[in-house]
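Have a look at the structure below, then the notes.
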Amino acid sequence: MSSILAADTLPGDPKEDERPKWDNKFQYILSCVGFAVGLGNIWRFPYLCQTYGGGAFLIPYFIALIFEGIPLFHIELAIGQRLRTGSIGVWSTISPYLKGVGIGCLFVSFLVSLYYNTILMWVMWYFLNSFQSPLPWSSCPPNENRTGSIEECQSSNTVNYFWYRKTLNITADINESGTLQWRLIMCLVACWMIVYICVIRGIETTGKAIYFTALFPYLVLTIFLIRGLTLPGATEGLIYLFTPNMSILQNPQVWLDAATQIFFSLSLAFGGHIAFSSYNPPKNDCEKDAVTIAVVNSMTSLYASVAVFSVLGFKATNDYWDCLDRNILSIINEFDFPDQSIQRDDYAACFAHLNSTQPDRMAHLQLRSCHLQDFLDKSASGTGLAFIVFTEAIVHMPGSPGWAVLFFGMLFSLGLTSMFGNMEGVLTPILDLHILPRSVPKEFITGVICLVCCLSALCFTLQSGSYWLEIFDKYAASLNLLVFAFFEVIGVIYVYGLKRFCDDVEWMTGRRPNLYWQMTWKIISPLLLLIIFVSYIILITQKQPTYESWNPQYDDFPVKQEKFYPGWVQGICVMLSLLPCIWIPGMALFQLINRRQGKGKNPWSEPYSDKPYEPVQD
8 MSSILAADTL PGDPKEDERP KWDNKFQYIL SCVGFAVGLG NIWRFPYLCQ
58 TYGGGAFLIP YFIALIFEGI PLFHIELAIG QRLRTGSIGV WSTISPYLKG
108 VGIGCLFVSF LVSLYYNTIL MWVMWYFLNS FQSPLPWSSC PPNENRTGSI
158 EECQSSNTVN YFWYRKTLNI TADINESGTL QWRLIMCLVA CWMIVYICVI
208 RGIETTGKAI YFTALFPYLV LTIFLIRGLT LPGATEGLIY LFTPNMSILQ
258 NPQVWLDAAT QIFFSLSLAF GGHIAFSSYN PPKNDCEKDA VTIAVVNSMT
308 SLYASVAVFS VLGFKATNDY WDCLDRNILS IINEFDFPDQ SIQRDDYAAC
358 FAHLNSTQPD RMAHLQLRSC HLQDFLDKSA SGTGLAFIVF TEAIVHMPGS
408 PGWAVLFFGM LFSLGLTSMF GNMEGVLTPI LDLHILPRSV PKEFITGVIC
458 LVCCLSALCF TLQSGSYWLE IFDKYAASLN LLVFAFFEVI GVIYVYGLKR
508 FCDDVEWMTG RRPNLYWQMT WKIISPLLLL IIFVSYIILI TQKQPTYESW
558 NPQYDDFPVK QEKFYPGWVQ GICVMLSLLP CIWIPGMALF QLINRRQGKG
608 KNPWSEPYSD KPYEPVQD
């Protein structure tokens, strides 16, 4: 099938000289690594390892990396570098019927930017509060009469109270919107101002900021790793993380989660990597870049897991010791033992003896069940790990404010580098379309887009904002990105043509793609994407969508309540899942009608030569 190239975007055209370029190769690699390595590497991958058999999870993870992640990543870097344009231009170039893929990628990047920067808003709030000693989530605030602590905090714990009440001030139901939170609005505006300053001139400014924002998290992770490994309980945390449970591999959900983790961890199908690679010189080893960046991303996930679970092992050990100390104190008071007469190491023997000799009195004490494994099981992912579990662990560390500053500074840097890629997925296609006159400065266009994003994200600063962020996280990207990635493979390999694409890669890298690349592009990767898509559809249609609300009316606040989304919210979920995808058939139908009616010359009607273009020589 013939493909088409826009006459005003030919590589070697004088207009290409106006296109920005990376200052050096290292800057480009850092930008791609920063986009791929994000918050999910810190709070999603370790959780999946812990949930699915520790080290056993690495088997499906690396299989998905080899046969799905790296091949798709190579396609994005190669096609962006070859055609030297953003996502809309790339897919319009391959075929005007695929223009909807590029527009859909732009919409997904826009939607993800809205809620991703909201997470940075929360991170900034915690970062600013970390410059206090003691930390504000280390103790309950006093009540109005200052005769004690706030009852709601006492019935829960200090970390939960600071997150759900002081930060979110969360409502008990998604139907209750609540009011806008001024402190969060200020943080949101500050976050978007930082993003604007960094992306104001595209890679010309992000390329400078990336040296700090991409490298600083590795420095902090190393510091946490060194400190974590010296904490009591670190060994138990790492053993718990990586002890393999091979039987769990029989669960299909493990393979599905491994495949989707690779997919989203590499930030595939957003359009950001296509935009980044379009600023490369035409002849660049994109194959080596794809393998290098993908491996660095996966190794970062493993590295972060060691650092995170060494600290979580310390937290679990502290909780276990605290549980033992409370039980020991209860036994000492009940049986009038002298203080310090029962040590932690003696607790098990003492408990067994008293339970066999005086069972009635022991039952009356209602002692807590203290098992280290139970506390290790209480891990979490996402915001629960960052704002509850890890913050509680930091409280127990000497010099806790300093560790809190480092931790939330690291999260902010990780999120900011991912935002660079998301914004490039929005800005580059818009700028490449030349919708506005060239006299309109790039700074103005970037400012308008950031302002629109900031105003749109105000819904997340409501008291019900965290519920809406969860909806966007679940439905704005997942299904859409699977569809876009599938059409990317089909578009490049079957529309653009495998032979032509291999010719282009050979021209850019100096070597022809081997059998591994050709087999994964042509058969394995599309098949895996189709399987993941069908499995995902089956999974979400098996039951009515629910969410976990937090009800403050219970004695032990906060208590999770699983509720069904109301009908109008389910409608929004469906709209978020379909709106970006609908551009694919919509633009294809629009193109077909235009051609049938013969309305003027199509701007993408110039024939594309099978011979790779040579750049203009100086």
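Using this note's numbering, the first residue of the sequence shown is number 8, and each one after it goes up by one.
Note that CB positions come from ideal geometry on N, CA and C, so glycine has one too.
Counting only unbroken stretches of 3 or more residues, no beta strand (DSSP E) element lies wholly within the region 233 to 278. Rounded to the nearest angstrom, the gap between the Cα atoms of L228 and V318 is 11 Å.
Separation of C205 and L142 (C-alpha to C-alpha, rounded to the nearest whole angstrom) is 30 Å. Between the region 31 to 44 and the region 425 to 432 there are three or more inter-stretch CB-CB distances shorter than 8 Å, so the stretches are counted as touching. The C-beta of A216 has 16 or more other C-beta atoms within 10 Å across all chains shown, which makes the residue buried. When DSSP reads this structure, P149 sits in a beta bridge with S156. Nearest in C-alpha terms to N429, of all of I70, L79, L121, is L121.
For V512, the uninterrupted alpha helix (DSSP H) segment begins and ends at 505 to 516. Take the alpha-carbon of N601 and the one of Y104: they are about 11 Å apart. Across the set P405, N325, M515, the C-alpha of N325 shows the shortest separation from the C-alpha of H378. P224 and M404 do not touch by the CB rule: their CB atoms are close to 19 Å apart, not below 8 Å. Within a 10 Å sphere around the beta-carbon of R333 sit fewer than 16 other beta-carbons, which makes this residue exposed.
Excluding the 5 residues flanking it on each side, E399 has same chain C-beta neighbours closer than 7 Å at V166, K322, in chain order. Taking 9 Å as the cut-off, the beta carbon of L191 is found closer than this to the beta carbon of W132. Under DSSP, Y554 shares a beta bridge with K570. L275 counts as buried, since at least 16 other C-beta atoms from the protein chains shown sit within 10 angstroms of its C-beta. Burial state of Y501 is exposed, judged by a 10 Å Cβ sphere holding fewer than 16 other Cβ atoms. By a beta-carbon distance limit of 8 Å, F415 does not contact V196. Their separation comes to about 18 Å. Going by beta carbons, F138 and P408 fall inside the 9 Å limit. For V97, the CB contacts under 7 Å within the same chain, skipping 5 residues up- and downstream, are I86, G87, L90, G109, I281 in chain order. DSSP lists no beta-bridge partner residue for L374. Residue nearest to S102 within the set I497, T154, L537 is I497 (criterion: CA-CA distance). For I49, the enclosing alpha helix (DSSP H) begins and ends at 46 to 50. Each residue's CA atom was taken as its position, placing I547 and A483 some 14 Å apart. Y133: member of the alpha helix (DSSP H) spanning 106 to 136, first to last residue. Pairwise C-beta distances place the region 428 to 448 out of contact with the region 168 to 176, as fewer than three of them are shorter than 8 Å.
Spanning the alpha carbons of D381 and N164 requires a straight line of approximately 18 Å. The region 66 to 85 and the region 532 to 542 touch, with no fewer than 3 CB-CB distances between them shorter than 8 Å. Straight-line spacing of the CA atoms in N304 and S38 works out to 12 Å. Between the alpha carbons of V315 and C466 lies a gap of roughly 31 Å. Counted as a single uninterrupted DSSP element, the alpha helix (DSSP H) harbouring C39 occupies residues 32 to 43. Annotation: F540 to I349 spans about 58 Å, alpha carbon to alpha carbon. The beta carbon of L113 is closer than 7 Å to those of S94, I95, G278, G432, V433, P436 in its chain, skipping five residues each way along the sequence. Residue environment: S272 is assigned as buried (16 or more neighbouring CB atoms within 10 Å of its CB, all protein chains considered). No residue range can be given for D343, since it is assigned to no alpha helix (DSSP H) and is classified by DSSP as neither H nor E. L187 carries a strand assignment under DSSP once its states are collapsed to helix, strand and coil.
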